[in-house]
């Protein structure tokens, strides 16, 4: 059965254009000489995703172009090619060609053919091992026409809604309006009570009862209205499952494997936000299942298995969550091969590898650049995919992913996802004098235990919960925050977080609140923070970091001397004081979280003048400042600090969105030691730069 491209073209075009924008940005960095390994990894993944998505929809012309671009980026990533102006121009031609093809798909449903000369030039670069001059495009070739206005895609802003659901919502809105009118009448009644001062007591009692009932009724109606609005955004998983299943059957045939794909649970609905982002990880897992998991017919026959392999794509509801599973009946993951490869790649020492559990070894497949394939093809072996899957499921979808493998029987990847990302239950706690949040889905227990229940096991603190030893770690200590001056009376308050089957008891100062909250995503350039998954706003308009449970578990393992292969850069410098100056509250708080997680002591200032005042009234070992700020900009602040004897030689780092060369020159002229553009900012960049300057 042929795939109906028209049904999925809108989402493909939207997704492809997003990845092409990332490729444009990455190539700009590459041409400017400022692209690091992670930047090259990122544009490689974008090319890989465009190739895979276009292949699924049988848009072979786009697949061919994307494949050639991906090959060259792969050579850049592994070091067999070096960046050069000619190579960057050639890659830019490839991205432009893909953009033109995607525009053509948006307009007609069919891409223009791949540019044979361009593909040959990209192939020649790989064959020669060095960059070749980029041939000029034919002069007579006109630029592709822009899509006409009427076909501009708005799929991210629209959703089809059943009429019955809309009717329910409208009816409910009418009830809310009526309830609001009753509350307005209560205000009129209150004014009447004021006038009847002599008879207020019985009137106030009646008024209080009526007002309480009306407020309670409106709360119920508003809650129901919110639920109905969320229901309108729900879409069936069949939107993702159906094209993925067809793609797998076609891929199996291209690899000479007889593969059938069985789907269940396609009628289960998820929020549109989740549906839109779930396609990539599912496709990656299915492709890996066909290429890595399902054996050849001969191997299966020798093992007593049917000649055809089976992939299962299933979904089921589990309380307020949906579990999506991708399973194969292949040979299972080669655990010992993964262990040996991790040692050969220098990710682990032999001693570390032997000390790790099977689950920890399997988790290595989620590292960037790690592949279990022995050869590189257009399907796999490039070390891309599984890190994308984990990042998408954990960071973007606020879920978790677990792997179960059985030698000779197959592998199952289980993704546990919330029904909606619009509102999530968040537990707010205090640790080290600051407020942090946990999404409730990762909180297994809240305990208040006496000191004698905290035991020492293998030189580590632990508590026994339901016959299980659970490590105990101070959240403040884990984040590098100062311990409270006065110990909490009455025992130890523990928040026990759980990711898959692993638990960690985090000692906190207070439990502050638990409520439904909107989790705001981090800015694009800060989404790689290992400990923070997002931010929430409290009733007092304070920004609170929502901690990522899986990252906390990894940090605790590192602190206990466990596996280090999957952790972020190691700890920072305890006791070093850093002044962060930025007029954006969000940016200040995020940079503060990054630095405090590394052990630095951070003070915040809201503009240049505030920063200068705080610098003069205290002492700091380093300063981070924005440029555009009210009262005093970052250039003026830097120059003023350099005139102070005690700040003449300390590291000053400018972090700004200004990326023009003249701005960078001015930053150096006024005395800055480093200049980081926010578009290129990530945690490791900031921390490594600061550590390097501190010496």
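In full-length UniProt numbering, the protein residues as written are 1 to 695.
Every residue, glycine too, gets a C-beta built ideally from N, C-alpha and C.
This one's a predicted model, so the numbers in the text were calculated from it and none came from an experiment.
Classify residue i: buried if its beta carbon has 16 or more other beta carbons within 10 angstroms, exposed otherwise.
i, result
"residue 706", "The question about residue 706 has no answer here: the residues shown for the chain are numbered 1 through 695."
"residue 619", "exposed"
"residue 94", "buried"
"residue 700", "It is not possible to answer for residue 700, since the shown part of the chain is limited to 1 through 695."
"residue 568", "Low confidence applies to residue 568: its pLDDT is 33, below 50, so where it sits in the model is not reliable enough to give any reading."
"residue 254", "exposed"
"residue 554", "buried"
"residue 431", "buried"
"residue 520", "exposed"
"residue 349", "exposed"
"residue 337", "exposed"
"residue 575", "exposed"
"residue 11", "buried"
"residue 366", "buried"
"residue 360", "buried"
"residue 123", "exposed"
"residue 80", "exposed"
"residue 478", "buried"
"residue 306", "exposed"
"residue 545", "buried"
"residue 220", "exposed"
Could you tell me the alpha carbon to alpha carbon distance between residue i and residue j, rounded to whole angstroms?
i, j, result
"residue 688", "residue 281", "31 Å"
"residue 582", "residue 110", "48 Å"
"residue 542", "residue 364", "37 Å"
"residue 285", "residue 684", "29 Å"
"residue 331", "residue 368", "23 Å"
"residue 482", "residue 656", "29 Å"
"residue 408", "residue 295", "10 Å"
"residue 334", "residue 418", "31 Å"
"residue 351", "residue 47", "37 Å"
"residue 40", "residue 77", "6 Å"
"residue 424", "residue 471", "27 Å"
"residue 127", "residue 44", "19 Å"
"residue 697", "residue 475", "Past the boundaries of the shown model lies residue 697; the chain is included only from 1 to 695, so the question cannot be answered."
"residue 446", "residue 300", "49 Å"
"residue 513", "residue 557", "28 Å"
"residue 289", "residue 436", "39 Å"
"residue 203", "residue 216", "20 Å"
"residue 697", "residue 320", "No answer is possible for residue 697: the residues shown for the chain start at 1 and end at 695."
"residue 671", "residue 491", "51 Å"
"residue 434", "residue 84", "48 Å"
If you drop the 5 nearest sequence neighbours on each side, which residues of the same chain put their C-beta closer than 6 Å to that of residue i?
i, result
"residue 704", "Because the chain here runs from 1 to 695, residue 704 falls outside it and cannot be looked at."
"residue 265", "314, 315, 316"
"residue 389", "281, 284"
"residue 263", "241, 245, 313"
"residue 610", "none"
"residue 673", "651, 652, 693"
Assuming residue i and residue j make a contact with CB atoms under 8 Å, what is their CB distance in whole Å?
i, j, result
"residue 421", "residue 598", "About 29 Å separates the two Cβ atoms, so there is no contact after all."
"residue 56", "residue 247", "4 Å"
"residue 535", "residue 522", "7 Å"
"residue 297", "residue 258", "7 Å"
"residue 517", "residue 449", "No, residue 517 and residue 449 are not in contact; Cβ-Cβ is about 27 Å, not under 8 Å."
"residue 412", "residue 327", "4 Å"
"residue 547", "residue 438", "6 Å"
"residue 392", "residue 277", "6 Å"
Taking 8 Å as the limit between beta carbons, can you name the residues of its chain near residue i, skipping five residues before and five after?
i, result
"residue 112", "61, 100, 101, 104, 144"
"residue 21", "none"
"residue 717", "Nothing can be reported for residue 717: it is not among the residues displayed for the chain, which extend from 1 to 695."
Excluding sequence positions up to five away, which residues of its chain have a Cβ less than 7 Å from the Cβ of residue i?
i, result
"residue 453", "463"
"residue 606", "583"
"residue 602", "578, 580, 592, 595, 596"
"residue 23", "43, 46, 47, 95"
"residue 646", "619"
"residue 690", "622, 651, 653"
"residue 13", "102, 105, 106, 153"
"residue 604", "580, 588, 592"
"residue 631", "607, 608, 609"
Taking 8 Å as the line, does the beta carbon of residue i fall inside it for any heavy atom of the ligand GTP?
i, result
"residue 33", "The ligand content of the structure shown is nil, which means the ligand GTP is not present either."
For residue i, would you say it is in contact with chain B, using Cβ-to-Cβ distances shorter than 9 Å as the test?
i, result
"residue 480", "Checking the listed chains, one finds no chain B in this structure; it contains a single protein chain."
Checklist entry - With a cut-off of 8 Å, do at least 3 Cβ pairs link the stretch 101 to 112 to the stretch 27 to 35? => result no
Checklist entry - On the three-pair Cβ rule with 8 Å, is the stretch 69 to 76 touching the stretch 38 to 57? => result yes
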